[in-house]
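Notes for the one structure printed next.
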Amino acid sequence: LRGEWVVYAAHRQGRTFLPPKEHCPLCPSREGGFPTEIPFPSFQVAVFENRFPSFVEEAPPPPEGLPVPAGRALGRCEVVVYTPAHTGSLATLTEEERLLLAWAWRDRYEALYALPGVRFVMPFENRGEAVGVTLHHPHGQIYAYPFVPPVLERESQAFRERPVLLELFPNLGPYVVDEEKGFLAFVPPFARYPFEVWVAPVERHPGPWTFSEGEMAAFARLLGRVVARYDALFGEPFPYVMVFHAAPLGEEATFHFHVEFYPPRRTRDKLKFLAGTELGAGTFVVDALPEETAKALRAALP
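Numbering (the numbering used here), first residue to last: 4 to 305.
This is the structure in structure tokens:
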């Protein structure tokens, strides 16, 4: 009916849920201490396969006789641990740590797109209990999909028709939140969440794998500042979902890489819930004007 794949991964119900610091599976392993996912006493950035994946490289076939099309959940899911420190964020990492993380994302893009059957790769971060995070240690994830998800199908179609972001950039004036040497952070004029922010290079790139060293450094700095602005807005860690949208396989010639932040807050103490019109009709109703939230985020930091 909807033309969308749904991935069933019932085993994920058993994943670790908000453990105390001394039992954090993403901290470095200490002699005589709790064994973690990282068997080293120190590290800079760690990447490993998710113990509770939605996609696996050797997925079993679906049950026979289903009344709908079904396929194997082939792919890969990885965890990216930003830092050995149990607390922190993209904003509190040093410039060197953020840059190393950005290079790690690029490395995983190249490795995962080389896997047989992978058509789309998406790094993302879920931050804060308001978006359902299960581990507080600063980390993100990467999914390698065997299909192009519907949001990326629509974006790919839009970019094939015209350079949407390149046309938008000259008109962003009041929507700009920050900028850094060839990159813009802005609240899109079509934002669906009150504090939604996008980060994009002003020149078209299909993904971070085509960034120069200088562009990679600027990209990492701007990501950190966006999170710093979020945290400064209400004086506390700001929950969000951050997703990377790079070109699906075969769309490299027209796709324009960008990062999207979806914060669930609409005010300091109120959350934006998806309700009838959003879930039932796919039409978002937003409680704030994009230019006003852009102004608030600009003012959050000097």
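Even glycine gets a Cβ: it sits at the ideal position worked out from N, Cα and C.
Item	Value
With 16 other CB atoms within 10 Å as the buried threshold, where does Lys24 fall?	exposed
Compute the Euclidean distance between the alpha carbons of Trp201 and Glu255, then round it to the nearest angstrom.	20 Å
Considering Cα atoms alone, identify which of Glu294, His261, Glu81 is closest to Gln144.	Glu81
Could you give the DSSP three-state label for Pro177: helix, strand or coil?	helix
Residues in the same chain with beta-carbon distance under 6 Å from Val124, minus the five sequence neighbours each way, listed in chain order, please.	Tyr112, Leu115, Tyr116, Ala147
Are the stretch 215-223 and the stretch 151-171 touching, with three or more C-beta to C-beta distances below 8 Å?	no
Pull up the distance between the alpha-carbon of Arg195 and that of Tyr178, whole angstroms please.	14 Å
To which residues of the same chain is Leu300 closer than 6 Å at the C-beta, ignoring the five residues directly before and after it?	Val180, Arg232
With DSSP run on the structure shown, which of helix, strand or coil describes Gln144?	strand
Alpha carbon to alpha carbon, what distance is there between His248 and Ala303?	26 Å
Along the chain, where does the alpha helix (DSSP H) that runs through Leu155 open and close?	153-164
Does the distance from the CB of Phe2 to the CB of Ala297 come in under 8 Å?	Because the chain is modelled from 4 through 305, residue 2 falls outside the range shown and cannot be assessed.
At what residue ranges does the stretch 71-119 contain a whole run of the alpha helix (DSSP H), taking only runs of 4 or more?	98-116
Tell me the residue span of the alpha helix (DSSP H) that contains Phe237.	216-237
So, are the CB atoms of His142 and Leu29 less than 8 Å apart?	yes
What residue from Glu67, Arg165, Gly74, Thr97 has the CA that sits closest to Glu61's CA?	Gly74
Which same chain residues, not among the five before or five after Leu102, have their C-beta less than 6 Å away from its C-beta?	Ala220, Ala223
Among the residues of its own chain, which have a CB less than 6 Å from the CB of Arg317, if the five just before and after it don't count?	Any property of residue 317 remains undetermined from this structure, which presents the chain solely from 4 to 305.
So which of Phe46, Pro197, Pro22 has the shortest CA-CA distance to Phe37?	Pro22
Please report the straight-line C-alpha distance between Gln160 and Pro166, rounded to a whole angstrom.	11 Å
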